[in-house]
Amino acid sequence: MPQYVTTLIWLVAGICVGSVATWVLIRRRFDDIALQRRQVEEIRELERQLHVKDCEHLDALTAQKQELLAAREAELRNAIAETREVERAEFERLVNSFSVKVSPYAKVSKTGSRWRRQVQRESGYQYQLFVNGVPAFAPHVEITQSDHETEIDEESLLRLASQATEVAAQGFGAVSQFVQIARPVLVKQLVK
């Protein structure tokens, strides 16, 4: 065989082997790229699933938080309502335990001697605080009207003057026979 045929065979064999080797390398490279693509797609799918699970978990947490907040708000509203009811009942109990008794008040006082009397009249009202039916303080009197009047017993005054005259007449001793006792006279004078 001639040498050019051998060379040609070797050349064709080398080209075939090179082509096969290149094809194998290219094929491996494409397989690697395809594998990388699949892996990237799987990673993206896993990330998407993880994101979906995270969102679902966050939604569940948010729902739980809203339920807890709603329960707390309901408890707070109930506690406020119960407290208001207790305070209202306590207020009513305290209000009902206090009472004020109001009554009319009138006082007439007379002072003086046998022939002169002073009359003082006062009117108004009296009130007193009671706690559970027991007096809490002394009653307080509020005077709305008051007047004073002086009365003179003219008969007693004239009798007293007559007695004084007789005593004075007896005091003259020996000349008392010349003393005449007159009828008593009452002089009324208005003083302004």
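Going letter by letter, the sequence shown gives residues 37 to 228 in the working numbering. Backbone N, C-alpha and C define an ideal beta-carbon position, used for all residues, glycine too.
- DSSP places Phe173 outside any alpha helix (DSSP H), giving it a letter other than H or E.
- In this structure, the straight-line span from the alpha carbon of Ser182 to that of Tyr141 is close to 12 Å.
- In the same chain as Glu178, and ignoring 5 residues on each side of it, the C-beta atoms closer than 6 Å to its own belong to Gly160 and Tyr161, in chain order.
- Beta-bridge analysis with DSSP links Lys146 to Val155.
- The straight-line gap separating the alpha-carbon atoms of Ala110 and Glu121 is approximately 16 Å.
- The C-beta separation of Val144 from Arg157 comes to about 5 Å, placing the pair in contact by the 8 Å criterion.
- In the three-state reduction of the DSSP assignment, Asp189 falls in the coil class, being assigned neither a helical nor a strand state.
- Here Val155 has Val144, Ser145, Lys146, His184, Glu185, Thr186 and Glu187 as same chain residues with Cβ atoms under 8 Å from its own Cβ, once five neighbours each way along the sequence are excluded.
- In the DSSP secondary-structure assignment, Gln162 is bridged to Ser139 and Val177.
- The straight-line gap separating the alpha-carbon atoms of Asn168 and Phe134 is approximately 6 Å.
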